[in-house]
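Working notes, structure below.
Residue numbers (this note's numbering): 12 to 442.
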């Protein structure tokens with residue numbers, strides 16, 4: 012039947028993925044590293060969490076312990092960086108802003124991925140459009156990206172994966188343009204399909220479902236009965252039936268957690284108080300950014316479970332607030348009271364953190380009938396000023412005195428690059 016102007020437009024999705032994102036961020040301000048191996052380390056410089064293609068070619072594995080790989084890294088003159096989350100977060104925002112200009116709707120899926128809505132783009136040459144997206148994004152932000160396009164989000168994710176592995180595609184692949192789709196699906200392991208975890212992959216393989224083609228040819232009703240409805244939807248998505256919609260509005264968080272391993276073991280109560288204040292400050296900032304209020308606060312501390320020389324100790328305390336809040340001062344006061352009840356002298360603490368749960372939207376706040384609203388308004392205004400200054404001048408420019416200054420307990424970042432885009436004092440100097 013010929014199409015008419017009243018036909019429902021076919022669903023089309025694109026997913027843009029930043030290539031080796033953390034490593035690419037480091038190269039923007041160090042262009043001499045383009046074409047050379049680069050790795051980025053995890054918190055406290057523990058293990059490798061990001062690698063450039065050149066580093067992957069050297070056999071440097073994801074998750075390798077830094078102290079064990081130092082000799083290999085030095086041998087091949089690999090550039091090593093501590094995680095610079097302020098830089099990565101800011102550059103991610105810039106990439107997403109650029110991508111939003113290419114589609115009517117966008118779903119930010121992660122720090123380095125975003126789905127684009129191409130519904131109604133039936134007559135567009137999406138291969139050429141994808142190249143325009145990649146070229147513009149790299150030109151405007153410095154970050155190289157790849158894009159996969161498909162009639163469902165699952166096929167778009169699969170196309171994105173193939174765009175990086177198949178030579179000659181230059182990072183752009185429209186799955187629907189492929190004549191032999193079965194051959195492509197047969198080359199993809201079932202565990203590499205978006206949404207199929209290791210446990211499901213093991214079960215599927217035990218039933219001789221080894222590839223994406225095998226899963227595509229399964230009966231969705233059978234998969235639903237033997238696995239669950241989520242995997243059944245994946246089968247339908249592999250067959251071109253869109254079951255997973257674009258989520259343009261992020262759901263409210265269920266919890267906010269700020270927890271870190273210390274740069275050095277904490278043995279003094281004052282250092283632990285400083286650390287908890289710091290964690291609480293970061294957690295409260297996340298709350299306000301999401302326009303949420305916390306109802307329940309938990310504090311936890313622990314020593315290393317792998318330290319055979321000392322007794323293991325771990326404890327936590329939780330308290331419900333009378334009135335939900337996002338005020339850093341109120342949350343910190345309560346966190347310090349909870350810490351006092353679980354901190355035991357004589358231990359070498361490896362980790363601590365805070366968790367905020369039972370979050371409510373600030374529009375739905377249940378206030379205290381006998382509370383003075385004047386204090387609430389002053390609190391709101393003060394937090395707005397605090398966030399505004401720190402947003403413009405960098406995190407912790409203005410902070411509670413209880414957080415202290417410096418402190419060996421802070422996360423190790425001995426190889427961190429400057430925060431070029433979020434700290435005025437760390438701007439690149441042009442001579």
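For glycine and all other residues, C-beta sits at the position ideal for the given N, C-alpha and C.
Measure the C-alpha to C-alpha separation of residue i and residue j and round it to an integer number of angstroms.
{"i": "residue 331", "j": "residue 367", "result": "10 Å"}
{"i": "residue 225", "j": "residue 74", "result": "31 Å"}
{"i": "residue 154", "j": "residue 102", "result": "8 Å"}
{"i": "residue 388", "j": "residue 397", "result": "14 Å"}
{"i": "residue 69", "j": "residue 62", "result": "10 Å"}
{"i": "residue 22", "j": "residue 132", "result": "9 Å"}
{"i": "residue 373", "j": "residue 320", "result": "47 Å"}
{"i": "residue 442", "j": "residue 38", "result": "19 Å"}
{"i": "residue 440", "j": "residue 432", "result": "12 Å"}
{"i": "residue 363", "j": "residue 47", "result": "37 Å"}
{"i": "residue 117", "j": "residue 353", "result": "45 Å"}
{"i": "residue 437", "j": "residue 296", "result": "22 Å"}
{"i": "residue 60", "j": "residue 236", "result": "37 Å"}
{"i": "residue 127", "j": "residue 182", "result": "16 Å"}
{"i": "residue 357", "j": "residue 281", "result": "13 Å"}
{"i": "residue 238", "j": "residue 265", "result": "26 Å"}
{"i": "residue 329", "j": "residue 309", "result": "4 Å"}
Can you tell which of the options has its C-alpha closest to the C-alpha of residue i?
{"i": "residue 426", "options": "272, 96, 66, 30", "result": "96"}
{"i": "residue 423", "options": "274, 344, 60", "result": "274"}
{"i": "residue 251", "options": "228, 235, 308", "result": "228"}
{"i": "residue 114", "options": "436, 94, 135", "result": "135"}
{"i": "residue 340", "options": "357, 412, 362", "result": "412"}
{"i": "residue 286", "options": "270, 67, 324, 296", "result": "270"}
{"i": "residue 249", "options": "169, 357, 30", "result": "169"}
{"i": "residue 313", "options": "371, 359, 305, 333", "result": "359"}
{"i": "residue 434", "options": "417, 442, 408", "result": "408"}
{"i": "residue 28", "options": "402, 333, 106", "result": "106"}
{"i": "residue 137", "options": "78, 24, 299, 415", "result": "24"}
{"i": "residue 421", "options": "214, 277, 26, 338", "result": "277"}
{"i": "residue 279", "options": "256, 296, 361, 322", "result": "361"}
{"i": "residue 92", "options": "72, 144, 143, 56", "result": "56"}
{"i": "residue 338", "options": "256, 303, 194", "result": "303"}
Does the beta-carbon of residue i have 16 or more other beta-carbons within 10 angstroms, so that it is buried, or is it exposed?
{"i": "residue 15", "result": "Only weak support exists for where residue 15 lies, its pLDDT of 41 falling under 50; the value from the coordinates is given anyway. Looking at its Cβ environment, which holds fewer than 16 other Cβ atoms inside 10 Å, residue 15 is exposed."}
{"i": "residue 240", "result": "exposed"}
{"i": "residue 191", "result": "exposed"}
{"i": "residue 18", "result": "Since pLDDT at residue 18 reaches only 49, below the 50 mark, its modelled position is unreliable, and the value read off the structure follows with that caveat. Result: exposed."}
{"i": "residue 121", "result": "exposed"}
{"i": "residue 395", "result": "exposed"}
{"i": "residue 336", "result": "buried"}
{"i": "residue 43", "result": "exposed"}
{"i": "residue 12", "result": "With a pLDDT of only 37 at residue 12, under 50, the local geometry of the prediction cannot be trusted, and no value is derived from it."}
{"i": "residue 160", "result": "buried"}
{"i": "residue 365", "result": "buried"}
{"i": "residue 215", "result": "buried"}
Contact check, residue i vs residue j under 8 Å by CB: the rounded distance?
{"i": "residue 369", "j": "residue 267", "result": "About 11 Å separates the two Cβ atoms, so there is no contact after all."}
{"i": "residue 40", "j": "residue 428", "result": "7 Å"}
{"i": "residue 98", "j": "residue 50", "result": "Between residue 50 and residue 98 the Cβ distance is about 16 Å, and since that is not below 8 Å, they are no contact."}
{"i": "residue 404", "j": "residue 350", "result": "Actually they do not touch by this definition, with Cβ atoms about 29 Å apart."}
{"i": "residue 315", "j": "residue 54", "result": "In fact, because the Cβ distance is near 15 Å, the residues do not count as touching under 8 Å."}
{"i": "residue 188", "j": "residue 253", "result": "With a Cβ gap of about 18 Å, residue 188 and residue 253 do not count as contacting."}
{"i": "residue 196", "j": "residue 184", "result": "The pair is not a contact, with the Cβ atoms about 13 Å apart (cut-off 8 Å)."}
{"i": "residue 151", "j": "residue 109", "result": "5 Å"}
task: Would you be able to state if there are at least three C-beta pairs under 8 Å between the region 233–249 and the region 202–213?
output: yes
Sufficient close CB pairs (3 or more, under 8 Å) joining the region 276–294 to the region 334–349: yes
task: Would you check if there are 3 or more beta carbon pairs closer than 8 Å linking the region 209–221 to the region 174–181?
output: no
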